[in-house]
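Residue numbers (this note's numbering): 22 to 103.
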């Protein structure tokens with residue numbers, strides 16, 4: 022899927038996303054933010070995603086905000102875009 026700058030991908034519990042091109046930051050009001058399944062670490066809200074890392078939401082209303090136009094992500098699971 023493709024997001025434009027400022028758009029937010031909200032992920033349901035168990036949803037996974039991988040940043041392929043562009044850039045994005047984790048959206049989370051509290052911890053944990055997103056789980057980086059590639060490194061095994063937690064990513065806090067406001068921190069940037071690494072390309073080609075797989076991220077999972079373990080709490081509802083976590084997500085990714087695009088910080089560049091034409092940000093492309095691979096997404097598996099339930100999500101919404103705002």
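Cβ coordinates follow ideal geometry from the N, Cα and C atoms, glycine included.
Collapsed DSSP secondary structure at residue i in the structure displayed
i: residue 37; result: strand
i: residue 79; result: coil
i: residue 69; result: strand
i: residue 27; result: coil
i: residue 84; result: strand
i: residue 110; result: Since the first and last residues shown for the chain are 22 and 103, residue 110 lies out of range.
i: residue 32; result: strand
i: residue 50; result: coil
Exposure of residue i, with buried meaning 16 or more beta-carbon neighbours within 10 Å
i: residue 84; result: buried
Same chain, Cβ closer than 6 angstroms to residue i, five either side skipped, listed in chain order
i: residue 35; result: 98
i: residue 65; result: 54
i: residue 69; result: 46
Neighbourhood of residue i by C-beta, 7 angstroms cutoff - its chain only, sequence neighbours within 5 removed
i: residue 79; result: 34, 53, 56
i: residue 100; result: 30, 31, 32, 33, 36
i: residue 87; result: 24, 25, 26, 27, 28, 43, 45
Contacts around residue i, its chain only, beta-carbon distance under 8 angstroms, and the 5 residues preceding and following it disregarded
i: residue 41; result: 72, 73, 93, 94, 95
Nearest-angstrom beta carbon gap, residue j and residue i [assumed within contact, 8 angstroms]
i: residue 39; j: residue 75; result: 5 angstroms
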